[in-house]
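The structure appears right after this line, and notes come after that.
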């Protein structure tokens, strides 16, 4: 939805469960900050139209996620 008054374009909402962040950080053995940042990046890429239905799409999306997290200095711990 485009707001002509502000020039803002809303692509969608991102809702992240704190409990899920904690459990997945433990499951994947990395920090809570890293898991939260990953989920935000992953969700934003979906809003931008990326997906991971087939291997080609998955590889492209994973590369973008890695670039985003690396640019933020957030790596797997």
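Numbering (my numbering), first residue to last: 992 to 1068. Backbone N, C-alpha and C fix where the C-beta goes; we use that ideal spot for every residue, glycine too.
Item checked: Separation of residue 1040 from residue 1004, as counted between CA atoms -> Residue 1004 sits at position 13 when you count from the first residue of the chain shown. Residue 1040 sits at position 49 when you count from the first residue of the chain shown. Looking at the two C-alpha atoms, the distance is approximately 14 Å.
Notebook entry, point to check: With C-beta atoms as the reference, is residue 1050 less than 8 Å away from residue 1036?
Noted result: Along the chain shown, read from residue 1 onward, the residue named residue 1050 stands at position 59. Along the chain shown, read from residue 1 onward, the residue named residue 1036 stands at position 45. No, the Cβ-Cβ distance between residue 1050 and residue 1036 is not below 8 Å.
Note to self: Taking a contact to mean a Cβ-Cβ separation below 8 Å, would you say residue 1060 touches residue 1028 in this structure?
What the structure shows: What you label residue 1060 is simply residue 69 of the chain shown in a count that begins at 1. What you label residue 1028 is simply residue 37 of the chain shown in a count that begins at 1. It is a contact, given that the beta carbons lie within the stated cut-off.
Notebook entry, point to check: Should residue 992 be labelled buried (16 or more other beta-carbon atoms within 10 Å of its own) or exposed?
Noted result: Locating residue 992 in the chain shown gives position 1, where the first residue counts as 1. Looking at its Cβ environment, which holds fewer than 16 other Cβ atoms inside 10 Å, residue 992 is exposed.
Next item on the list: Quick one: measure Cβ to Cβ for residue 1023 and residue 1007, integer angstroms, because I've assumed they're closer than 8 Å.
Entry: Translated into positions along the chain shown, residue 1023 becomes position 32. Translated into positions along the chain shown, residue 1007 becomes position 16. Their Cβ separation, rounded to whole angstroms, is 12 Å, which puts residue 1023 and residue 1007 out of contact at 8 Å.
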